[in-house]
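Novice: Residues in the sequence shown are numbered consecutively from 1, following full-length UniProt numbering. One structure, as structure tokens, below. Some questions next.
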Amino acid sequence: ALDDVDGDTVLVRPEQPRPEPDVEDTRLVVRTPPVQLEWDDGTRHTVTARSVFGRNPAGDEDADLVVVRDETLSLSKTHFEIRVGAEGAVVVDHHSTNGVTIVRAGERIDARPGEPTPLRAGDALEMGDRIATFLGTEGELGGRGERDAIGERGAG
């Protein structure tokens with residue numbers, strides 16, 4: 001742009017760079033609430049996106065690797081994973097030796113290796129000699145394990 005300041009002097013202003021047009025749509029970020037798993041020894045683990053469990057688990061950098069003590073060696077090194085997404089939580093058996101059985105309201109459901117199986121609060125996961133209870137999110141089961149809730153109802 002040119003400006004005539006006093007009739008003789010011409011001031012030249014450099015063109016201001018124009019921002020590139022924003023042609024991409026804003027991406028929706030879906031935040032999923034964390035879920036909890038409680039082991040038969042009382043220890044708990046919070047899953048925020050994806051956790052891989054086993055005696056000595058292996059996984060990619062996106063996974064939270066969780067070492068589970070198993071003195072009877074009934075768990076595989078990389079036994080299973082829990083993933084949390086917009087549709088809820090799923091368990092995936094990593095082709096383990098002893099598999100993953102979900103006990104839901106007395107029904108036994110064998111997780112198919114490599115395939116996601118939906119989880120519900122209160123599900124018991126049997127893996128070899130270990131059992132873990134899927135507690136769900138804070139709001140499910142009141143943020144407590146099923147045993148705690150039953151124990152309170154039974155207390156009098």
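Quick reminder that beta carbons are idealized off the backbone N, C-alpha and C, glycines included.
(1) Quick one: residues in its chain with C-beta nearer than 6 Å to the C-beta of Arg144, no 5 flanking neighbours on either side, listed in chain order?
(2) In whole angstroms, what is the alpha-carbon distance linking Phe53 and Ala86?
(3) What are the boundary residues of the beta strand (DSSP E) that Ala132 is part of?
(4) For Gly114, does the count of other Cβ atoms within 10 angstroms reach 16, so buried, or fall short, so exposed?
(5) Going by beta-carbon coordinates alone, are Ala121 and Thr133 separated by less than 7 Å?
(6) Quick one: what's got a C-beta closer than 6 Å to Gly136's C-beta in the same chain, skipping five residues either side?
(7) State the beta-bridge partners of Leu37 as determined by DSSP.
(8) Using 7 Å as the threshold, is the C-beta distance between Arg50 and Arg27 below it?
Specialist: Once the coordinates are examined:
(1) Low local confidence applies: a pLDDT of 45 at Arg144 is under 50, so the model's placement there is unreliable, and no value is given.
(2) Straight-line measurement puts the Cα of Ala86 at about 21 Å from the Cα of Phe53.
(3) 130 to 136
(4) exposed
(5) No. Outside cutoff.
(6) Val35, Ala121
(7) His45, Phe134
(8) 7 Å or more divides the Cβ of Arg50 from the Cβ of Arg27.
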